[in-house]
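Q: This is the structure I want to talk about, given as structure tokens.
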Amino acid sequence: MALDLSVVVPLYNEEESVRPLYDAIVAGVAPLGVSFEIVFVDDGSRDGTVRLADEIARGDPRVCLVKFRRNYGQTPAMAAGIAEARGEIIVTMDGDLQNDPADIGELLARIEEGNDIVVGWRHDRQDKLWTRKVPSRIANALIAKVTGVPIRDNGCSLKAYRACLIKQIPLYSEMHRFIPAMASIAGPRIAEIRVRHHARRFGSSKYGLSRVYKVLLDLMVIKTVASFTARPMLWYGLLSLPMLAAAALALGWTGFTLATQGRMSLSIAGTGVIFLTSTVMLLAAGALGELIYKLGDLREHQFSGLTQHLLVRGAASHD
Amino acid sequence: MTDSSGARVDISVIIPVGRRHAADILALYADYKTGLEALGSTYEVIVVLDGPRPELASDVQRLLSSGEPISVIGLTRRFGEATALVAGFKRASGRIILTLPAYHQIRGNEIGKLVRAVGVTDLAIGRRWPRAGSRFETMRRDAFHRLLAGITGQRFNDLGCGARAMKRRVLEEINLYGDQHRFLPVLAGRIGFKVLEVELHQSPLDRYESGYPPREYIRRALDVCTVFFLVRFTKKPLRFFGMVGFTTFVAGAALVAWLAIDRLVFRHPLADRPALLLSSLLVVLGMQLFALGLLGELIIFTHARDIKDYQIEEVVRYPAATLPAQRPGQATLAPASSGESHPHIV
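Going down the list, the sequences are from chains G and S. All the letters of the first sequence, read from the start, carry residue numbers 695 to 1013 under my numbering. All the letters of the second sequence, read from the start, carry residue numbers 8 to 353 under my numbering.
As structure tokens, this is what we get:
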């Protein structure tokens, strides 16, 4: 890779922000003395965003513009930008000027300290309290609890990653909120820094409360996927244990009444059979899961390789 | 696929010939030809025989020896219209791909309308209008398209019409197989192509097979299910299975709880209650659905790097010398691979 740093910015209907954003990024990054590029990803904007971004790209070879055919959402935009980025470190940020590119320097410094992921924490968040901040607080607590990645602000887009790590992490659905959680399958060293946060100057927020349900489901998916992909059989086996217990109970009772009273309850016997069937089906699903994992192209050892550090005599390691 | 630098024609016409085809394909070809000639563009015609068509052998020979810009691809067995289309597309070099049905659906002189529409849209699909047919036929067709619109959010009126013109890119980026040909507009609209319906005069020769066999209804219903999953849940299986499974599970668990209370508090014996069966069935069903959803999620996760859920139109880098800009479509959905190796192209 030729460059030190790629700044990835998804844009969606941000025509007022593009130019100031570009200026701010250049002003924030240029003094750092690193080679960098800016990757704008236009997420199917319907206003003048594309034209403006194209103009900027024309005037500055460090700017790359990825155009989407239509609006796909923030996660695909991030994923596309990350795929296109050529820097060794990738910084992602929002296109709405709420993040301050002046913080990029500190993100980089923390990466150089040996962290794989540095996330921003909008400790002084400039948003509406009840519709944005409170739900976000609850969501973050939940995400931290479930994923075990103690980040106070998952919603902040200003993050820095080692490219070799983030490029290997599958990003789909609406997972941009959970990139650190998703990346945690690779066991990265994560640091959190305080970043500035500005109130929205232009445009309106594109992300509302309605996504809570999707976030919760995505969270569940990440949790199960991150912890159990490598051992589906074990997981389905655990799931089937209560079923097996219920089946044993019902069938045992049936056997007992048959032996002692010479009759049995059809309902209870039937219930036992249903649960037994379910146990078998779950185990079969687990076996299928093993097969899928085996034939898939993601392996746990690939992830371990991304963040491992080598302890060799004479060489200094990171921590 | 023909190299883009080679001599290209403007329009590649692909005619997949399936079970149903015009009795006299020479007449059909002549009809289409008048429409194509009127356009004044260069064109080539690719006829794809989906399975052996011995009854057409002599007609095909005559077409081939007539000096027309035509080539014929014969598939060794019936692979389905979509596969035939893909096989034809691989030989096509035109900037615009025009598919035409193998029987009289539209008048040949209407082709121009369709092709010109590609100037303003990515995919132009024909709609036979005004349309002949009984009132029942019309209602059936309308119900089908309405249902599909409810599922996909895209309203079309005549997906059965095989006359479609599109930019080359559309077929390059869509992975078609089996009988999905019918749903090409839905899939194209889904990934962000502009789709436009163009009203075309129906050919007077477009007649209906007497009666619509029940088998067709079943196939249509399955088609609708397929599209439903393709469009809605391919990327998020757990959202669907999880939702249904969770609802079922909760219903079952509530019933179990009630039965337990009834047993413990009101002392109704459990043994003679069929509701116990129902509740346990619901619980189990819910768990199974959930387990299936997770399996789906596992499939997505382990293949997430191949499945890109976005389409890049273009990557702009100035100056282009530093890195060759990616050709549109390269970093997008995996190119059509299913069925690619199966048809034996002769």
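Even for Gly, the Cβ is constructed at its ideal location relative to N, Cα and C. Here the structure is a predicted model, which is why all the values come from computation and not from measurement.
#1: Span of the beta strand (DSSP E) holding residue 843 of chain G?
#2: Could you tell me which residues DSSP puts in a beta bridge with residue 173 of chain S?
#3: Residues of chain C with a CB under 8 Å from the CB of residue 986 of chain G: which are they?
#4: Let's see if you can read the secondary structure: which residues bound the alpha helix (DSSP H) around residue 967 of chain G?
#5: Is residue 173 of chain S close to chain G, meaning its C-beta is less than 8 Å from at least one C-beta of that chain?
#6: Residues bridged to residue 110 of chain S by DSSP?
#7: Is the Cβ-Cβ distance between residue 145 of chain S and residue 234 of chain S less than 8 Å?
#8: Between residue 790 of chain G and residue 858 of chain G, what straight-line distance do the alpha-carbon atoms span, to the nearest angstrom?
#9: What residues from chain G crowd round residue 3 of chain S, counting only those whose CB sits closer than 8 Å?
#10: Write down the C-beta distance between residue 213 of chain S and residue 135 of chain S rounded to the nearest angstrom, noting that I regard them as a contact closer than 8 Å.
#11: Using 8 Å as the threshold, is the C-beta distance between residue 103 of chain S and residue 176 of chain S below it?
#12: Does DSSP put residue 8 of chain S in a helix, in a strand, or in coil?
#13: Using 8 Å as the limit for Cβ to Cβ distance, is residue 323 of chain S near chain G?
#14: For residue 95 of chain S, which of S:57, S:64, S:72, S:149 has the nearest alpha-carbon?
#15: Taking the runs of the alpha helix (DSSP H) that are 4 residues or longer, which of them lie wholly in the region 217–254 of chain S?
#16: Quick one: which unbroken beta strand (DSSP E) runs of 3-plus residues sit fully inside the region 272–323 of chain S? Chain order, please.
#17: Taking 8 Å as the CB-CB limit, is residue 778 of chain G close to chain S?
#18: What does residue 858 of chain G touch in chain S if you count any residue whose Cβ is under 9 Å from its own?
#19: By Cβ distance below 8 Å, which residues in the same chain neighbour residue 332 of chain S in space, the five residues on each side in sequence not counted?
#20: Would you say residue 744 of chain G and residue 775 of chain G are within 8 Å of each other, going by their C-beta atoms?
#21: Cβ atoms of residue 263 of chain S and residue 291 of chain S: under 8 Å apart, would you say?
#22: Buried or exposed for residue 141 of chain S, please, with buried defined as at least 16 other CB atoms from any protein chain shown within 10 angstroms of its CB.
#23: How about residue 320 of chain S: is its C-beta nearer than 8 Å to some C-beta of chain G?
#24: Measuring only the C-alpha atoms, how far is residue 113 of chain S from residue 79 of chain S?
#25: From the beta carbon of residue 161 of chain S, is the nearest beta carbon of chain G less than 8 Å away?
#26: Would you call the CB atoms of residue 739 of chain G and residue 766 of chain G closer than 8 Å?
#27: So residue 917 of chain G and residue 840 of chain G are supposed to be a Cβ contact under 8 Å. How far apart are they, rounded?
#28: Output the boundary residues of the beta strand (DSSP E) element that contains residue 867 of chain G.
#29: DSSP state of residue 97 of chain S, grouped into three classes?
A: From the atom records:
#1: Membership of residue 843 of chain G in any beta strand (DSSP E) is not indicated, and neither H nor E is assigned to it by DSSP.
#2: Bridge partners of residue 173 of chain S: S:104, S:130.
#3: In the structure shown, chain C does not exist; the protein chains are G and S.
#4: Looking at the DSSP string, the run of the alpha helix (DSSP H) that includes residue 967 of chain G is 960–989.
#5: Residue 173 of chain S does not count as touching chain G.
#6: For residue 110 of chain S, which the question treats as bridged, DSSP gives no partner whatsoever.
#7: Contact flag unset, no.
#8: The straight-line gap separating the alpha-carbon atoms of residue 790 of chain G and residue 858 of chain G is approximately 27 Å.
#9: This structure leaves residue 3 of chain S out entirely; chain S is present only between 8 and 353.
#10: That pair is a contact at about 7 Å.
#11: No.
#12: Note that residue 8 of chain S scores 41 on pLDDT, short of 50, meaning its location in the model is unreliable; the coordinates nonetheless yield the value given after this. In the structure shown, the three-state DSSP call for residue 8 of chain S is coil.
#13: Yes - at least one Cβ of chain G is within 8 Å of the one on residue 323 of chain S.
#14: Residue 95 of chain S has its Cα closest to that of S:57, out of S:57, S:64, S:72, S:149.
#15: For the region 217–254 of chain S, whole alpha helix (DSSP H) runs of length 4 or above, ordered along the chain, are 221–239.
#16: Whole beta strand (DSSP E) segments, 3+ residues: zero.
#17: So yes, residue 778 of chain G belongs to the interface.
#18: Result: empty, since nearest Cβ-Cβ is about 14 Å, beyond 9 Å.
#19: Its pLDDT being 43, under 50, residue 332 of chain S is placed unreliably by the model, and the measurement read from it follows with that caveat. Around residue 332 of chain S: 321, 322, 323, 324.
#20: It is not a contact, given that the beta carbons lie outside the stated cut-off.
#21: Against a cut-off of 8 Å, the Cβ pair of residue 263 of chain S and residue 291 of chain S comes out as no contact.
#22: It counts as exposed.
#23: At a cut-off of 8 Å, the C-beta of residue 320 of chain S has a neighbouring C-beta in chain G.
#24: C-alpha separation (whole angstroms): 22 Å.
#25: So, not an interface residue.
#26: Residue 766 of chain G sits away from residue 739 of chain G, with the two beta carbons spaced by 8 Å or more.
#27: Between residue 917 of chain G and residue 840 of chain G a beta carbon distance of about 5 Å is seen, short of the 8 Å cut, so the two are scored as contacting.
#28: First-last for residue 867 of chain G: undefined, no H or E at that position.
#29: Judged by DSSP in its simplified three-state form, residue 97 of chain S adopts helix.
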